[in-house]
Each structure stands twice: as structure tokens, then as C-alpha cells.
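Undergrad:
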Amino acid sequence: MTVTKYDQQMGFFIDMQRCIGCHACEMACAECETNGQESMIHIHYVERAVSTQTTVQVCMHCEDPACANVCPADAISKDEFGVVHTAETSRCIGCSNCVLACPFGVPQKQEKAELMMKCNMCYDRTSAGKKPMCATVCPSGALFFGTREEIELKRPDSVPVDTFIFGNQEVKTKVKIMMPKGSNYLKVH
Amino acid sequence: MAKLPISAEKIIDKFGPKKHYTPMGGFEGSHEPDKLVKTHCCFCAMQCGIQLKVKDNKIAGFEPWMEFPFNEGRLCPKGVQRYLQNNHPDRLLQPYQRVEGKGFEPITWDNAMERTISEIRRIQTQYGNDSFAMLSGVSLTNEKSYMVGKFARLALKTKNLDYNGRLCMVSAGAGNKKAFGLDRISNSWADLKHAEVIIIAGSNVSECFPTLTHYIWQARDNGAKLIVVDPRVTPIARTADLHLPVKPGRDSALFGAILKQLVDNDWIDHEFIEKHTNGFEAAAEAVKDYDLDWAEKTTGIEKEKILQAATWWGKAKTSFLLHARGIEHHTKGVDNVLSCINIVLATGRIGKPYCGYGTITGQGNGQGGREHGHKCDQLPGNRDISNPEHRKYIAEVWGVEEKEIPGMGLSAYEIIEAIHRGEIKGLISICFNPIVSLPNNNFVREAFEKLEYYVAIDFFLNETARHADVILPGSLHEEEEGTVTTAEGRVVKINQAIDPPGEARKDSDILIEMARRLGAGDKFNFENSEAVFNELRVASKGGTADYYGISYEKIEKNMGVFWPCPSEDHPGTPRLWEEKKSAFPDGKARFNPVAYKEPAEVVDKDFPVILTTGRVVSQYLSGTQTRRIGKLVDQYPEPLLEIHPSLAIQYNIQNRDLITVRTRRGEATFPAQIVETIRPDTVFIPYHWGGSHSANQLTVGDLDPISKIPEFKVCACQLIPTGKKAAPAEERSAYQSS
Amino acid sequence: MLKLFQTLNKVAFIKATIAALAVVILVFIGSRNLQNFDAALITYLFGTVFAVFGIAYRYSVWLQRPPTRLYWRRSMQFLFSKDFLTYATRSIYLLFRNILFQRFIAYRSKTRWWGHFLLASGCLISFAITIPLTFGWIHFTLEPGTYDIYNANFFGFKVASFELGGPISILAFKALFFTSIPVIIGAIIMMKRRVKDGGLIATQSLDGDWLPLVLLIAISVTGLGIGYDYTFLEGRTHQFMAVTHAITVILFLIWMPFGKFFHIFQRLAQLGANLYKIEGSKRGMAVCPHTKAEFASQTHINDLKTVTKELGFDFTLADGTNHLDLSPEGKRSVLAKAHFEARKASGKFFG
């Protein structure tokens, strides 16, 4: 099949405090050929009544993905590059387990198609050595795709973090979040 | 007879706006396009580079253009979706004429042209040449802008030509000319990178120029302090180091007070002021009473914050001040701009690396379009139409007698007023949708209904063109080659990707054909766009906006060239004023004293709330293009009335309650959106919609005396809850402007 | 080999053995102690028995996974409840709609549905014909005393008779030729997509996506080859055609439990997922503490808390509530707020 040129030096970094809520990523995501005009990225106001803060969420590609674990149909798999792929269409039974178990709220259910879909890091592009659509168009750097050296140079006040704490659970991810210098994790609650 | 021939609803059925989406799996050929064409986004003045996928003479999608230096692939949602204006079901594919009671019926090009020419002749014979006016737009390339200017003066022989830049940044243009003798941002965006302090005044950068955010954020990564002046907490203001929530219409008070602080604390560059400027004393004198208490009372901003801003600005070694429509759309727009320039000049931070000042031009070719002569007061090269020397030079370039060039005409809104008074009887418009975009638009509509003949050139039937007698289908951005000058003064190349579909024609072919039929064909012997550009280069030579040294080849090789570029071996000028010489004969920049003035309409007992208007990220200007793109419509489907909870509680308003907003000019009803991110004395409505959803039914048509820009950004209103809840947005179809 | 025994799932092995034995017993019964069994089909029989074993084994292993087991139990519990009639009717409706007609695929893409429907229908009808024939459950005999009347017998009982050369006989004897046509068309449609769609090109694999299609076409073409030989070549190449066809079919049977074709059996779980959703919403919806809106059934959320715990995840929070109580939007917002707070604590909102 296609020769995979996935560059493992390249990382995905997010920082939702930079997000300006423009939705360019959402529109561009739909252009990713693996999605067939469905957008997989989530962008929305956090609490519009009090703030214009928006959040933007791509799949974090967990080291031990809850979505794949809870899938009753073995439809979700992680490849050798650590990319957690969207549901295998022939297997997915549309049960929504992954939608509700993902700690980041990423997978979405296409109700009529009875199919879960999620971000696969623009596999059509990243496997061909290109950047994902969302991180390519993002005008604010809330989504960034590049090397660790690159981002550390560009953002001297921040450090990439790959550990999230949800109560008793610690989750490690392939996609990193930019945190204030000195942070080792993001404690969500 | 420029009334609607049938109901708006029936016109909408046939001509839209209809929402257009990419089919599931993409357009045919998007995976294997015939070619990728490097060009630019058709929307704002950032002019982001983009590659269009072309399959069988249709646009099938886009691919980011990573190499273009300004945006390196970055885009906003409008840029991502821009390709959907192509292949659009609403696209005008043939000429139409108005038939009373029946709507618009197809006619041949020959008939459309013949009828137009005979109407022009009839009206001009009966009422005089200037009774036929032309309105143009700066979505047009430099070449087309130049041609429109020449066409109106030499073929149509009217002085009444103006353009929609009149409601964009003319206050900034006029202010810059008064202070520097030249109208362009002083630095390229690259100079934002190491500015220590950045002031953004009256610009929702995050929604109107999203791709500029990258440069602001980059500066902040390098330690810059960001100060945002805006009545609302826009996304760019949310994380700012300092947000100054100014009361709409009080900007010059704020900048006057800052100037006073700079002077009082001696945070000024004496040497620079002494050597390179004039008029400092008068400017300082004008603000001597603007102490912090007065400023707090006038602007509604806490005085500590004003002092903080002045301190940061005063002590910085490098800085950048940017402003946009928020301070320009005022009856004192030029004053506001000058008050900003005064604090830049007082600190001497201009003409150096990472020290800059400028307006963020709004429209796609807002910069180039305001330089090459389709303004009522201007000739190419940003020359003055009233200046005998300038007239003489252009007359030579055009090969006509100087007296054949008409003098200064009316500005855009004045043209509408003259139509309303019955002085102007006929109109050609291209790329302009004044019934949505001009203030007090019930008045504007009445004016259009009085026209004896109106011909519209456009690619979609916009709300104004619904009033036309004849509609000529023109070309989209991707259907004709040309150049555009971006907000940073970079001249870039627009490449033709496809041919106009159906019987639609290139805009320039339409103008040339009309000129030929009007007997001025010999002045329009252009083989192609490059030939027009080459004439423009000569016409601009020696003017302040000098393009003489720029060629198509040079633009493509360098991915853009910054004007001024006076000779072929000149590399272009990304940073102005490095020689510390303004464009005035004495080489000095000018301070202009700015005494604070109130807005045209202030709140009172009857109209107690301030109304301001603006944009949303998913829509562009009057929405002719963006209200037809499905996902952009769905992102923000209808205008909402933003209102602070403390004001909402006074009127007992809940979210999505329908609220009638009434001003002295009209009223309109909007669903409420209660947010803490706006001043409690102000409500905000975005303006991109027409018909009953149009915010410009409410705005005021008073003009700045110098720039003639209308005061979109402030007026007084009443809020009247209707007691009803709004139906879901998708049922209200605001995008159609019925 | 040792490893195989170590990883052998005993429960599954027993179940699979029972299933395989059951098939063998049914073959004996259905073929009247093999007297109606067509010896020429013996290789097919072995292949099928292996496939049954493999499928049952894998199905059983699959059902032992916590989320699958839970779904299975819940489905059975809801189906055989007081609402049996409603849910049984619903299941039958969905069986037609989603399993036999795969209507849900149409919402992914129309051409894809056509491709899949043709492919699936061709295969299912072919199964319905070949399996009873292979097992000797159905066989045809000449009506004694006639030359052109055939009887069809099922489990040795006569169920129909028809005239040789009549329409029914053509349908009965040539059915597989007819079903191979939609399979070929369907497979070509699916292949065409895999050549043209950039997304599929990026993610497809040879063994997971292409070989199954190639194999189905191979089965159909070799099957047609037998007919071609019989009709036009007077059986001169019969041996070759029969062997190649047998090889492709047996490859298919052996591969069924491992590869892509296993989804045919997994798909049935979709019925359960539907019942689960309906019953769940009847029992009450969960409300997201952030968005204040309903987003899933409370049963589903509670079940997931159990399942995730079994799988080694513990999203319990300090206050006893659970991260999974939040809707997807709520989770995203909470994370963004936490990030905002972390930035704020550092003294700058931006960095």
C-alpha cells in the first residue's frame, strides 16, 4: 500500500489559552481525506456567558487509550507510531462506549451512520510527511505540529507536558499540552 | 426604476443566498487535481497565501501554501472555506434584466450593453455627466481599481466615482497623510516580533484578522506586553496584559490622556521630536487638561489602567501601535487616528526595527485599492485629483488633455445622499453592497429606489443588486489575474485558476467593452492584466505610492514586493521612515493637535444605551460571499444582541429573548445573548446581514468631515423586549436577508 | 506450540469444540447418516467445520472482554424482560434494516452502501445455498419414473419438486452463478473507492482491506468458471476449475475467524447496542454537571464506570464523583478551565 513516511521527530502540541475560537481548525479538519468532510476536532466556548475563552481539543493519542479498552468491538487500535486510529468501520457497532469513556471527550458518534469517528492525526497527511490540517491552518498556535526543539525555542515560558490527572487516574498522551515552566502534569481535577 | 421587481423572497428563491457545502468525500477530483494554483485568499487584507486545487476548470478544494512568508499555511475559517464560492449554485452565469412583476430575466450581453450605454447617454444628456455615478469596491485587484478610476473619468466622464473603502479605513488614510504625507503602515508584520509593548486599539484581530494573531502571540512569547483597547473582551483581549474597555466613541480622549502622561512624566523622545517633527507643542497643549480623572470619567476606563498603559508605553524601548475600524468608524475618525500617531511620534519609536505604527487595513485590497484612483479625490499613485501637477502627470500618462479629467466628486455616502435628493439619476456598481454595508440603510434603500437606471456588476446577486435594472455577471477572485497590496504594503500576485463559467466575463473585459461602446476604447487597449499593471506602474511613478519598480516577475520571485519601489533595481521597502524623512517637503512628521469631541449621537433619556457594531470571524463584510458558504453561516447563523447581565437585568432580558433595538433611524429585532464580556452601558450587534436582520438599519449616517467615513461604531438606542423567545437560528434563515 | 497452549482460552476452546461437534452431528442427521452427503464436497465440509470452530472460539474470547461481556449481558437482560415483544420486534426490524440491508452504511456514503449491499447480499445468499448443500441437508433426486421432474429434499424430506429446464430448476441449479455477479460488482465498487479515496488510501492495509476483496472476486470468478466450462467447454477444464474454486473457498473459510470477515458476526452486536440505548434512555438520562444538559443514559455511565475499573482505569475524583459524570463537552471545558487556572497560577494567562 502507501509507503508510510510518518516522522516520529514531529510532535503535536496544544495550548488552548492561545485559541481565539476562530474555527479554522474545524473547517480544515473536514478537509482531511480520512474524515470525508466530517470534522473531528472540537472547538467551543468554555462558558460564553462569562468569557470568550474557547477550547480546542484534538485526540490526545493516549499511551493506553481508554477508548480502545472500552470498545466492545475491537474497532479502535493504536499503531506503531502511537497514533490511535478512528474506529474500524467494519467493526464499529456505534455503541458510544468510547465517546463516553474518553477522558478528553474526543470521539464522536455519527448517529445515523451508527459509527464512531475520531481524529487520527490526519493520517493521510502525517503518513505522507505533511502536517495535520488543523495544526497547519491554526492562526494562533493553539495547535502546533513540529519538533520539541522547535516549540521549546519558540515558547521560552512554556514546557510540553504529557501527563493528565483526572482524580485517581493518571493518563499519558502522545499529544502534549503547553504548560507554565516547571509543570510536570495538568491536574484536571 | 430601481425598485424590487418582485418580492425579495421570490428573488431569493432563484438567486439565493443559498448555503453551499462540500459534498461528503469532497468535490470530484479533489484527491487528484489537474493543478494547484498559488494565489491568495479573497477576503481580508492579510491576503494569506493559499493553493487552489483545480479540476476540469472548477475549484475542487485547497491545499495550504506553506512557503508564503506571511502565513506559512495558516488560515482562518473563511480562508479554508473560500473555495466554496466557486461552483456555487447562486453564481450569476448570464446577464439579466429587471422585468416588473416577473423578476430578473436573462438577456444577451449585447442587449445588456446596448441598454446600459443608451441609458448612460440619455441620463447624461438630460441631467449632465455627473448625474451618472459609479461605486466601486476594494475586493478588486490593483489593476481593476486602476481601470475603474480611468473608466469613470475617461469613458463615463463623471466626477462621481467612489468606493467602499470609504467605509473601511479612510480615516486612517487621511490621518496618515496629515501626519506623514503618505498612507501605509510603517513596518511589515515581521517587526511585531520584538516589540516590547503592543497597543491594539479598536481591532478585534482575533475575529477580523485571525492570521495576524500569530505575530502578536510571537511578540508575547518574546516578552511583549499586549494592551487591547476595546469595549468588549474579544478573544485577543481575553489574555491581554491590559484590557482597556473604552466607552465607544471616546478613543481620542484615551490617547489624549496618554499623551499628557507621556509629557508630564517626560517619557518622550526630545531629540526625535526636535529633529524630525513639527507641531509637538500644539499637540501637547491640546491635551493639557486631560488628566486621569477626566479620562476615567470620559472614557469609562479606570484611571489606574490608563496610567499603566501610559507607563508601559512610555518606558518601552520598542513598540507597535495598531488600530482598525474601532477607532476609525467615527465622525472624529481622523482625530482618533491622529491621537494615536501623536503618542507614537512623541516617543520617537518609528522607522526603527520593532518600532512601528499602522492601521490594519480591512478589505482584501483595502491598501492597493485606496492608492490607484477609484476614490473621488484621488488619481493613481495616491495622487490628489485637485492638485494641478498631479492632474497634468496623469493626463500625460492617459494621453488626454488635463481638463478632460473631471475634478473631485462626492464620496460614497454623499453619492447616496445625492441620489436621494434626486441629483444623481444613474449608477454603475461593482463589488459593492451598500444596502447592507452603509449606515441608516433604510435611507440607502430609498435612494436606490429613486434611481432611473442602475447596472450592477457582480458574481452573486447581492442585496443591492436586487434593485438593479441590468445585472452583468462578473468574475470571482480566482477567475482573473492581477495584483493586490496587503495591509503591510506587500504587493502580491493573484493568479487566475479557472475561466469564468457560463457567460460570465472577467470584470476587466466588461469595463473594456463598456468603454469601447462609450467611445473611449482607445484608452483601454489592454492585452491582459499585466499590461494594465505596467500602465499603473508608470501612473504611480513619482507618487507617494510608487509601484514603478514592481513587475509581475519580481513579485512572483520574491513572493511579494513592498512599495514604495521606485526603480527596477529597488528591493522594495518593508520598513518606512528609516531615513527619518516623512513624505512632506521638509521631511518632518507632523503632530496634529487633537481636542476631544463627543460622538455625533450621545445617549440621553430617550435613547439611553450605546449601540456599537462590528464583525464575527465567520463572516466577511456585507456577506455577499460568506453568507453563501454553509459552514460559515452555521458557525454564527444570525446576528445576536450582545448585552451585559447588569443591563439585561434592568430590562428583565433572558438569553434568546427577542429584543427590539430602536434608534432615531429605525428599529430591528435581535435575539439577546447575555455576556459579561461587554461594557454594561453598551450593546453590540454584528452587521453582516441584510433585510430585517440588518444592524445598519440602526446606525447613524453622520460623516467625519475629513475622511467622510460614517460613524458606524457609536450611536444611541432604546431596548424594547418583545416578550417573545427567538426561534432556533436555523429556522430564522437570517443569511438570506429577506 | 507450548505458547499456544499457555494462551489457549479454555472456555472458548470448549465452546468452540461443542459448536464444531454440533455441526458434525447436524451433518449426520441432515444427510441421513451421510447417505445424502455429496462426497465431492468433503473438502468444503472440513473447511466449514474449521471455520465454525474458529468463529466460535474467537466469538467466545471476544465475549469475555469486559465491555463486550457487559453489552452481551445487558442485551440479553433487556431483550428477555417484560418488554420482550417490543424489543424482539425492534430487533427483527433492525436485523432487516441493519444486518441484511446495512442501511446505516448509506449515511456514510451512497456508493459505499451499494457496493457493500451487493457484496453482502451475494455472499449471504451464497452461504444460504452452499452450507445446506455441503452439509447434505439439501439434495436433489429424480422423481422415480420420470426423466425431468426433480425433487428437492431437506433433511431427507421432500420439500419441493420441479421440472428440469423450468425456471425453478434454473434458479435452483444456477443460483450461485447469479449470486456471484453482485459479489463481483460490489467488490469492484469497493475496490474503486480504495483506489480513489485519499483517506482510504492512507489507512488501508493489504491483508485487512484488499485481500478480502480479491478473495471474494476469486471465489466468484472461479465459480463462474465452473459454469462456463460446463456450458461452453463441455467439462474439458472441469478438474482445473473445480480445484481452483475449492482452494479459494477453503482459504476464505479458514480465514473467516481471523480476518476482516469476522465482522459479519460482530455486526450482530449492533442490535444489542440499539436495545441498550433505548432501554437506557427509558431508565433515565445522565445530566452533565458542566453543560447542565442530558447527554447519555445513566445506566450507560454507571456501566462504564464499572467497566473502566475492571480494565484498570479509575476516574473517581476526590469528592467521590467521577470524571465520567461529565459529558464530552463538559470534560473538554473542565480541562480547558484547569489549564487556564494553571496559567493563571503561574502569573500569566499566556505563555
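Residue numbers (full-length UniProt numbering), protein chains in the order written: chain H, 1 to 189; chain X, 1 to 738; chain V, 1 to 351.
All C-beta atoms in this analysis are idealised placements derived from N, C-alpha and C, irrespective of residue type, glycine included.
1. Checking 9 Å against the spacing of the C-beta atoms, do residue 11 of chain H and residue 174 of chain H come in under that value?
2. Going by C-alpha to C-alpha distance, which of X/364, X/222, X/694, X/508 sits closest to residue 444 of chain X?
3. Determine whether the beta carbon atoms of residue 711 of chain X and residue 595 of chain X lie at a separation below 9 Å.
4. How far does the alpha helix (DSSP H) with residue 127 of chain H in it reach, from first residue to last?
5. I'd like the list of long-range same chain contacts for residue 69 of chain V, defined as Cβ closer than 8 Å, with 5 residues on each side in sequence excluded.
6. Within this structure, are the beta carbons of residue 106 of chain H and residue 178 of chain H separated by less than 9 Å?
7. Taking the beta strand (DSSP E) that residue 270 of chain X falls in, what are its first and last residues?
8. List the residues of chain H that residue 230 of chain X touches, going by C-beta distances under 8 Å, in chain order.
9. Taking all protein chains shown into account, decide if residue 111 of chain V is buried (16 or more other Cβ within 10 angstroms of its Cβ) or exposed.
10. So which residues on chain X does residue 32 of chain H lean against when the C-beta distance must stay under 7 Å?
11. For residue 162 of chain X, tell me which candidate among X/369, X/192, X/238 has the shortest Cα-Cα distance.
12. Does residue 332 of chain V have its Cβ less than 9 Å from a Cβ in chain X?
13. Any C-beta of chain H within less than 7 Å: which residues of the segment 213-243 of chain V qualify?
14. Let me see if you follow: with CB-CB separation under 9 Å, is residue 655 of chain X close to chain H or not?
15. Could you give the distance in angstroms between the alpha-carbon of residue 684 of chain X and the alpha-carbon of residue 229 of chain X?
16. By DSSP's criteria, residue 160 of chain H is part of a beta bridge. Which residues make up the other side?
17. Nearest chain X C-beta to residue 11 of chain H closer than 9 Å, yes or no?
18. Relative to chain V, which residues along the segment 28-40 of chain X have a C-beta separation below 7 Å, given in chain order?
19. Out of V/292, V/256, V/321, which has the shortest C-alpha to C-alpha gap to residue 53 of chain V?
20. Return the first residue and the last residue of the alpha helix (DSSP H) that residue 571 of chain X is part of.
21. Tell me, please, whether the CB atom of residue 73 of chain X is closer than 9 Å to any CB atom in chain H?
22. Using a C-beta to C-beta distance shorter than 7 Å, which residues of chain X count as neighbours of residue 349 of chain V?
23. If you compare alpha carbons, which of V/100, V/11, V/46, V/319 is closest to residue 168 of chain H?
24. Quick check: is the beta carbon of residue 20 of chain H nearer than 9 Å to any beta carbon in chain X?
25. Leaving aside the five residues before and after residue 219 of chain V along the sequence, list all residues of the same chain whose C-beta is less than 8 Å from its C-beta, in chain order.
26. For the alpha helix (DSSP H) containing residue 300 of chain X, list its first residue and its last residue.
27. May I have a chain-ordered list of the beta strand (DSSP E) segments no shorter than 3 residues that lie completely inside the segment 90-151 of chain H?
28. For residue 416 of chain X, write down the residues that DSSP places opposite it in a beta bridge.
29. Can you tell me the Cα-Cα spacing of residue 482 of chain X and residue 371 of chain X, whole angstroms?
30. Going by DSSP, name the residue or residues bridged to residue 686 of chain X.
31. Going by DSSP in three states, residue 249 of chain X sits in which element: helix, strand or coil?
32. Using the Cβ count rule (16 or more neighbours within 10 Å means buried), how would you classify residue 248 of chain X?
33. Closer than 9 Å, Cβ to Cβ, to anything on chain X: give me those residues from the segment 155-180 of chain H, in chain order.
34. Identify, in the order they occur along the chain, each residue of the same chain with its Cβ nearer than 8 Å to the Cβ of residue 17 of chain V, setting aside the five sequence neighbours on each side.
35. With DSSP as the reference, identify every bridge partner of residue 132 of chain V, one or two as the case may be.
36. Quick one, are the C-beta atoms of residue 104 of chain X and residue 5 of chain X less than 9 Å apart?
TA: Taking the coordinates as given:
1. Yes, the Cβ-Cβ distance between residue 11 of chain H and residue 174 of chain H is below 9 Å.
2. Measuring from the Cα of residue 444 of chain X, the nearest candidate turns out to be X/694.
3. Not a contact, by the Cβ cut-off of 9 Å.
4. Residue 127 of chain H -> no alpha helix (DSSP H), and no H or E assigned at all.
5. 63
6. With respect to residue 178 of chain H, residue 106 of chain H sits apart: the two C-beta atoms are not nearer than 9 Å.
7. Element bounds for residue 270 of chain X: not the beta strand (DSSP E) but the alpha helix (DSSP H), 270-276.
8. Here the premise fails: no neighbours, minimum Cβ distance about 11 Å.
9. exposed
10. Neighbours of residue 32 of chain H on chain X: none; closest Cβ ~10 Å, over 7 Å.
11. X/369
12. No - not a single Cβ of chain X is within 9 Å of the one on residue 332 of chain V.
13. Within the segment 213-243 of chain V, contact with chain H at the beta-carbon level (separation under 7 Å) is assigned to no residue.
14. yes
15. 16 Å
16. Residue 160 of chain H is bridged to H/178.
17. no
18. Close to chain V, meaning a Cβ-Cβ distance shorter than 7 Å, are the following residues of the segment 28-40 of chain X: 31.
19. V/256
20. Taken as a continuous stretch (DSSP letters only), residue 571 of chain X belongs to no alpha helix (DSSP H), as it is neither H nor E.
21. For residue 73 of chain X, the closest Cβ of chain H is nearer than 9 Å.
22. In chain order: 239.
23. V/319
24. yes
25. 180, 183, 245, 248, 249, 252
26. It is not in any alpha helix (DSSP H) - residue 300 of chain X carries neither H nor E in the DSSP assignment.
27. For the segment 90-151 of chain H, whole beta strand (DSSP E) runs of length 3 or above, ordered along the chain, are 108-110, 115-117, 143-147.
28. For residue 416 of chain X, which the question treats as bridged, DSSP gives no partner whatsoever.
29. 15 Å
30. X/614
31. In the structure shown, residue 249 of chain X sits in coil (DSSP, three-state: anything other than H, G, I, E or B).
32. buried
33. For the segment 155-180 of chain H, the beta-carbon criterion of a distance under 9 Å to any beta-carbon of chain X is satisfied by 155, 156, 157, 158.
34. 53
35. The partner list for residue 132 of chain V (beta bridge, DSSP) is empty, contrary to what the question assumes.
36. yes
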